[in-house]
Amino acid sequence: MNGKTIMLTAQQVQQYHDTGYLAVPDVLSSDEVAELQHVTDEFVEASRSVAAHTDVYDLEPSHSPAEPRVRRIKNPNLHHETYQGTLRHPAIVGIVDQLIGPGVRYRSTKLNMKAAGYGSPVEWHQDWAFYPHTNDDILAVGVAIDAMTEENGGMMVVPGSHRGPLYDHHQDGYFVGAVTDHDVDAAETVLLEVPAGGITLHHVRTLHGSAPNRSPRPRRLLLLELCAVDAWPLVQQTDWDAFNARILRGSPTNTPRVTPVPVRIPQPEHDRTGSIYEVQSKLAEPVLAGAR
373 MNGKTIMLTA
383 QQVQQYHDTG
393 YLAVPDVLSS
403 DEVAELQHVT
413 DEFVEASRSV
423 AAHTDVYDLE
433 PSHSPAEPRV
443 RRIKNPNLHH
453 ETYQGTLRHP
463 AIVGIVDQLI
473 GPGVRYRSTK
483 LNMKAAGYGS
493 PVEWHQDWAF
503 YPHTNDDILA
513 VGVAIDAMTE
523 ENGGMMVVPG
533 SHRGPLYDHH
543 QDGYFVGAVT
553 DHDVDAAETV
563 LLEVPAGGIT
573 LHHVRTLHGS
583 APNRSPRPRR
593 LLLLELCAVD
603 AWPLVQQTDW
613 DAFNARILRG
623 SPTNTPRVTP
633 VPVRIPQPEH
643 DRTGSIYEVQ
653 SKLAEPVLAG
663 AR
């Protein structure tokens, strides 16, 4: 792993705070990208022996032993040292520290995969709807294992939406993990195109989603959910030692920083729980599933 430091410019920092997103190319070396691609290929190959969702795999509905189709590897940093090393990559942690530090804690990780020609969409949502905290100095880093483009289902964001309302992600009284009270105007969206080895960063309240992959090229995105150390979860709290074991930089604190942010608890749940794909499967009128 290279130990380089990347200092953001004042303009980049301001862009993140103004728009709620940022793309930074060339964060990982070509060797680091190649290793991520190799390890991910191995996980997909091993999924041939899996017939249903597990603690590791979230599968496409069309998955089979003959044609293994994985849409997510859950908590990949717990299953391979390459993913763990990427989570703790000094260039990535350093960039995040410049935006939400001092001090960075990771909440969770996931590897979303859109295989060539059929990768599942992710409907419009705000991550904040899934895990509200005492403050919103929280972001997600997307590590591009492959180039992210419009054709292969790259992430789209609505600039400035992190400064707006928390949209309702409930339908018929149940949490469905997608916006149900707002129609996104395509003219307002920005596609986050980034080459393999680059990263995207989006604020926890930024409205975002992605269309299916209709290209002959895969789109694999390692997502790292990172928080300021003094941002405390309002739901799904864990024990003190396990909570602080997730700190990547900085010291533990038992004094949460509380700011006036809008909150709606993601409860009650419907009968399809698990990954965002399962939760969103109950959405009555998907928007991005048919996008091209």
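Last residue of the sequence shown: number 664 in the numbering used here, and the count goes up by one each step with no gaps.
Note that beta-carbon positions come from the ideal geometry of N, C-alpha and C, so glycine has one too.
Check your understanding: From Tyr388 to His574, what does the alpha carbon distance come to, in whole angstroms?
Key -> 8 Å
**Study point:** Helix, strand or coil at Met379 [DSSP, three-state]
**Key:** coil
Point to revise | Residue(s) in a DSSP beta bridge with His642 | key: Answer is none; His642 lacks a bridge partner.
Check your understanding: For the beta strand (DSSP E) that contains Trp496, what are its first and last residues?
Key -> Val494 to His497
Check your understanding: Counting Cβ pairs, one atom from each stretch, are 3 or more of them under 8 Å apart for the region 484-501 and the region 619-627?
Key -> no
Check your understanding: Anyone know if the C-beta pair for Ile648 and Gly549 falls short of 8 Å?
Key -> yes
Review point. What is the C-beta distance between Tyr667 and Glu597, in whole angstroms, given that I count them as a contact (C-beta under 8 Å)?
Key: This structure does not reach residue 667, given that the chain is present from 373 up to 664, and the question cannot be answered.
Review point. Three-state secondary structure (DSSP) at Phe502?
Key: coil
Review point. By Cβ distance below 6 Å, which residues in the same chain neighbour Arg664 in space, the five residues on each side in sequence not counted?
Key: For Arg664, the predicted structure reports a pLDDT of 47, less than 50, and the residue's modelled location is therefore unreliable. A value from the coordinates is still provided. Cβ within range, chain order: n/a, list empty.
Point to revise | the region 555-564 contacting the region 527-534, beta-carbon criterion three pairs below 8 Å | key: Yes, the region 555-564 is in contact with the region 527-534.
Point to revise | Contact check, Pro584 vs Pro493, beta carbons under 8 Å | key: Yes. Within cutoff.
Practice item. Give the secondary structure of Thr481 by DSSP, where H, G and I count as helix, E and B as strand, and everything else as coil. Key: strand
Review point. If we ignore side chains and look at the alpha-carbon of each, how far apart do His580 and Ala423 end up?
Key: Those two C-alpha atoms are separated by around 30 Å.
Point to revise | Of the listed residues Leu483, Ala519 and Ser587, nearest to Gly569 (C-alpha basis) | key: Comparing Cα-Cα distances from Gly569 to each of Leu483, Ala519 and Ser587, the minimum goes to Ala519.
**Study point:** In DSSP terms, what Asp390 is bridged to
**Key:** According to DSSP, Asp390 bridges with nothing at all.
Review point. So, is Ile445 buried or exposed, given that buried needs 16 or more other C-beta atoms within 10 angstroms?
Key: buried
Review point. If you draw a straight line from the alpha carbon of Leu408 to that of Ile517, how long is it in whole angstroms?
Key: The straight-line gap from Cα to Cα measures roughly 7 Å.
**Study point:** Sequence-distant residues of its chain with Cβ nearer than 8 Å to Ala603 (five each side left out)
**Key:** Arg477, His505, Thr506, Asn507, Asp508, Asp509, Ile510, Pro628 and Arg629
Practice item. Could you pull out every residue in the same chain whose Cβ sits closer than 6 Å to the Cβ of Ser434, ignoring the five residues on either side in sequence? Key: Arg441
Point to revise | For Tyr455, the first and last residue of its enclosing alpha helix (DSSP H) | key: Glu453 to Leu459
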